[in-house]
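Engineer: Have a look at this one before I ask anything.
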Amino acid sequence: MTTALQAQRAAHQRWMYHTREPGVSDALFEAQIKLLGEDWSREQEKYQAAVAAYTAAKVYVRDRFRKEVLYHEEPADIEVTWDAKWTKKERAEVQEGIEAWRLIVGRQRMDGEQVHVDKLANGKRAHYWNDIVHLAADDLRNGEVVVHEFGHWVEQRNDNTAALIQAEYDRRTAGWPLVPMGGNYRTDEKTREDKWAERYMGVAYPQARAHEVFSMGIQMIWAMPDRFLAKDEESWRITWDVLHTGPHVLERGE
Ligand SMILES: [Zn+2]
Numbered sequence: 069m070t071t072a073l074q075a076q077r078a079a080h081q082r083w084m085y086h087t088r089e090p091g092v093s094d095a096l097f098e099a100q101i102k103l104l105g106e107d108w109s110r111e112q113e114k115y116q117a118a119v120a121a122y123t124a125a126k127v128y129v130r131d132r133f134r135k136e137v138l139y140h141e142e143p144a145d146i147e148v149t150w151d152a153k154w155t156k157k158e159r160a161e162v163q164e165g166i167e168a169w170r171l172i173v174g175r176q177r178m179d180g181e182q183v184h185v186d187k188l189a190n191g192k193r194a195h196y197w198n199d200i201v202h203l204a205a206d207d208l209r210n211g212e213v214v215v216h217e218f219g220h221w222v223e224q225r226n227d228n229t230a231a232l233i234q235a236e237y238d239r240r241t242a243g244w245p246l247v248p249m250g251g252n253y254r255t256d257e258k259t260r261e262d263k264w265a266e267r268y269m270g271v272a273y274p275q276a277r278a279h280e281v282f283s284m285g286i287q288m289i290w291a292m293p294d295r296f297l298a299k300d301e302e303s304w305r306i307t308w309d310v311l312h313t314g315p316h317v318l319e320r321g322e
């Protein structure tokens with residue numbers, strides 16, 4: 069079996085034949101190939117070890133960030149009912165996302181609320197409406213989709229949270245017109261263009277008192293806090309403010 073490293077090395081050697089200097093004897097050239105090939109191979113191994121160490125360090129930092137900074141001491145206290153169509157394994161995967169969400173949101177924002185988790189056919193897009201989170205088993209993305217959709221539930225269920233999101237969204241998007249997302253998005257999915265980490269973050273549904281800025285934010289601050297911060301510090305701060313500052317008294321929505 070050819071490893072990726074061997075394939076890269078072969079490509080490198082082919083490139084060396086192409087760039088052979090005129091007047092270099094065969095013996096010298098073969099010696100150069102051998103030497104450069106070995107050096108290059110060692111450099112590649114060092115590079116791959118560095119990438120592996122960096123990736124492991126990032127996961128470690130992200131996990132510490134979650135535990136020490138992002139998660140609340142008291143998780144949200146909620147009651148979940150389940151569609152009978154979920155298998156035990158799928159349900160466990162959704163449950164993991166819910167546990168993360170409970171810690172991110174905390175009890176001061178969600179306490180005693182009830183939600184139903186509906187199972188969509190594979191290939192259908194997840195969404196939230198009126199205390200029902202609709203998810204498809206083939207698109208949970210390690211809990212990211214669960215955290216996102218449950219984020220919509222926080223906004224709809226909690227007046228203080230919704231008011232804070234609205235104020236932050238208005239401040240952030242002042243002066244920007246609403247334009248359709250286009251592509252495969254529904255026609256009511258309109259965004260305000262700005263320097264969002266993701267264009268979809270500008271989407272607002274005025275009639276439903278709902279936005280994507282917070283559900284995208286809660287998803288990204290949990291799944292990729294470093295990338296999110298580097299790309300869009302403003303949305304990172306909005307998400308943070310909603311989760312960790314502002315009025316904490318729970319007031320139910322309609
Ligand atoms: Zn959404």
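With our numbering applied, the sequence shown has no gaps in its numbers, which climb one by one up to 322 at the end. Glycine is no exception: its CB is placed at the ideal position from the N, C-alpha and C atoms. Given the structure is predicted, the values throughout are model-derived calculations rather than measurements.
Here's the rule: buried if 16 or more other CB atoms are within 10 angstroms of the residue's CB, otherwise exposed. What is Gln287?
Structural biologist: Taking the sequence shown and counting its residues from 1, one reaches residue 287 at position 219. Classification of Gln287: buried, given that the 10 Å Cβ count is 16 or more.
Engineer: When a residue counts only if its C-beta is closer than 6 Å to some heavy atom of ligand 1, which residues count, in chain order?
Structural biologist: His216, His220, Glu280 and Ser283
Engineer: Taking DSSP as the reference, what is the three-state secondary structure of Pro143?
Structural biologist: Taking the first residue of the sequence shown as 1, we reach residue 143 at position 75. Note: Pro143 maps to coil in three-state DSSP.
Engineer: Report all residues from its chain with a CB closer than 8 Å to the CB of Gln76; omit the five preceding and five following residues, and keep chain order.
Structural biologist: Taking the first residue of the sequence shown as position 1, residue 76 is located at position 8. Same-chain partners within the cutoff: Gln112.
Engineer: By a C-beta neighbour count over all protein chains shown, 10 Å radius and 16 as the cutoff for buried, is Asn226 buried or exposed?
Structural biologist: Here residue 226 refers to the residue found at position 158 of the sequence shown. With 16 or more Cβ atoms within 10 Å of its Cβ, Asn226 is classed as buried.
Engineer: For the region 247-281, list the alpha helix (DSSP H) runs that are entirely contained and at least 4 residues long, ordered along the chain.
Structural biologist: none
Engineer: Can you tell me the Cβ-Cβ gap for Met269 and Met284, rounded? I've got them flagged as a contact below 8 Å.
Structural biologist: Translated into positions along the sequence shown, residue 269 becomes position 201. Translated into positions along the sequence shown, residue 284 becomes position 216. Correct: roughly 5 Å between the Cβ atoms.
Engineer: Would Arg170 and Pro143 qualify as a contact pair, given that the criterion is a beta-carbon distance under 8 Å?
Structural biologist: Counted from its first residue, the sequence shown places residue 170 at position 102. Counted from its first residue, the sequence shown places residue 143 at position 75. Closer than 8 Å, so yes.
Engineer: Whole angstroms is fine: what's the gap from Gly243's alpha carbon to Pro274's?
Structural biologist: To locate residue 243, count along the sequence shown from 1; it is residue 175. To locate residue 274, count along the sequence shown from 1; it is residue 206. Those two C-alpha atoms are separated by around 16 Å.
Engineer: Counting only runs that start and end within the region 143-218, where is the beta strand (DSSP E) found for 3 or more residues in a row?
Structural biologist: Runs of the beta strand (DSSP E) lying entirely within the region 143-218 and spanning at least 3 residues, in chain order: 145-150, 179-188, 195-197 and 200-204.
Engineer: Please state whether the Cβ-Cβ distance between Phe133 and Pro293 is less than 8 Å.
Structural biologist: Numbered from its first residue, the sequence shown carries residue 133 at position 65. Numbered from its first residue, the sequence shown carries residue 293 at position 225. The answer is yes: Cβ separation under 8 Å.
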